[in-house]
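This note's numbering applies: residue 11 is where the sequence shown begins, and numbers increase by one. In what follows, a single structure is set out as structure tokens and then discussed.
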Amino acid sequence: MKQNKIYLLLLILIGAFQLSCERDEICIDAITPKLTIRFYDIDDPEIKKSVNGLIVEAEINEELDTVHIQLKDSISLPLNVYDTQTTFILTKNSTDPATSNKDKLIVTYEVKNVFVGRSCGYKSIFKNVTYTIEDVNSDGLWIKSKEVISEHIENENNAHLKIFH
């Protein structure tokens, strides 16, 4: 009889333990999206074209911080979720001071925080995004034109901005 009580108590404890367990939630995809820019040939707008010697720097509190160095035809850049504007300096031919050319890309937006789930918490998305391009050194823009693909940045799977050079 005493053994039956021990087995019953053990069975109740195991059952209570099993019922108290929760399934682990793992955050996989809920990240704040980056701005995705694709570069195209100004002479043939359907052809993607990489930018020679490209360096991208973010202006943060009037200081520059290099965020991207790449020779591909597209880049993904993080936007400041604590502000409504992020400024980037895009330098073409950065390795040659004689032909180096800097343009400023000013990205203005509204930040909206979206609850994803308990494991991920919140992510930020960007609405009503606008882009302004300015010459930094009065040496002429190397960015000849731009085409806005999306005014909202909700994921980074697709490009948001086309830059022609």
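Backbone N, C-alpha and C define an ideal beta-carbon position, used for all residues, glycine too. Quick caveat: nothing in here was measured; it's all calculated off a predicted structure.
Buried or exposed for residue i, please, with buried defined as at least 16 other CB atoms from any protein chain shown within 10 angstroms of its CB.
{"i": "A108", "result": "exposed"}
{"i": "N167", "result": "exposed"}
{"i": "E161", "result": "exposed"}
{"i": "F98", "result": "buried"}
{"i": "I22", "result": "exposed"}
{"i": "L100", "result": "buried"}
{"i": "I70", "result": "exposed"}
Here's a check: name, in chain order, each residue in its chain whose Cβ is nearer than 8 Å to the Cβ of residue i, leaving out the five neighbours to either side.
{"i": "Q95", "result": "I116, V117, T118 and Y119"}
{"i": "E56", "result": "Y50"}
Whole angstroms are fine: how far does the CA of residue j sit from the CA of residue i?
{"i": "K122", "j": "F136", "result": "6 Å"}
{"i": "D93", "j": "T105", "result": "32 Å"}
{"i": "G87", "j": "V66", "result": "Reading off the sequence shown, one finds Leu at residue 87, where the question assumed Gly. The straight-line gap from Cα to Cα measures roughly 9 Å."}
{"i": "C130", "j": "I38", "result": "8 Å"}
{"i": "I79", "j": "V126", "result": "31 Å"}
{"i": "L151", "j": "I163", "result": "26 Å"}
{"i": "G63", "j": "L81", "result": "7 Å"}
{"i": "E72", "j": "Y132", "result": "29 Å"}
What does a CB cutoff of less than 6 Å around residue i pick up in its chain, not counting 5 residues either side in sequence?
{"i": "A169", "result": "T46, R48 and I159"}
{"i": "N90", "result": "T96"}
{"i": "T140", "result": "T118"}
{"i": "S134", "result": "T42, V91, V121 and N123"}
{"i": "A68", "result": "D75, V77 and F98"}
{"i": "I24", "result": "none"}
Spatial neighbours of residue i within its chain, please: C-beta separation below 7 Å, excluding the five flanking residues on both sides.
{"i": "K58", "result": "R48, F49, Y50 and D83"}
{"i": "V61", "result": "F49, K102 and H175"}
{"i": "N165", "result": "P43"}
{"i": "N180", "result": "Here the chain has residues from 11 to 175 only, and residue 180 is not among them."}
{"i": "I16", "result": "none"}
Can you check DSSP and say which residues form a bridge with residue i?
{"i": "Q95", "result": "T118"}
{"i": "S155", "result": "F174"}
{"i": "G127", "result": "G131"}
{"i": "D113", "result": "L100 and D145"}
{"i": "E73", "result": "I70"}
{"i": "I85", "result": "I47"}
{"i": "I163", "result": "F136"}
So residue i and residue j are supposed to be a Cβ contact under 8 Å. How far apart are they, rounded?
{"i": "I85", "j": "D113", "result": "The Cβ separation is near 14 Å, so there is no contact."}
{"i": "N111", "j": "D53", "result": "About 18 Å; that fails the 8 Å criterion."}
{"i": "K172", "j": "K154", "result": "Actually they are not in contact, since the Cβ atoms of K172 and K154 sit about 11 Å apart, beyond 8 Å."}
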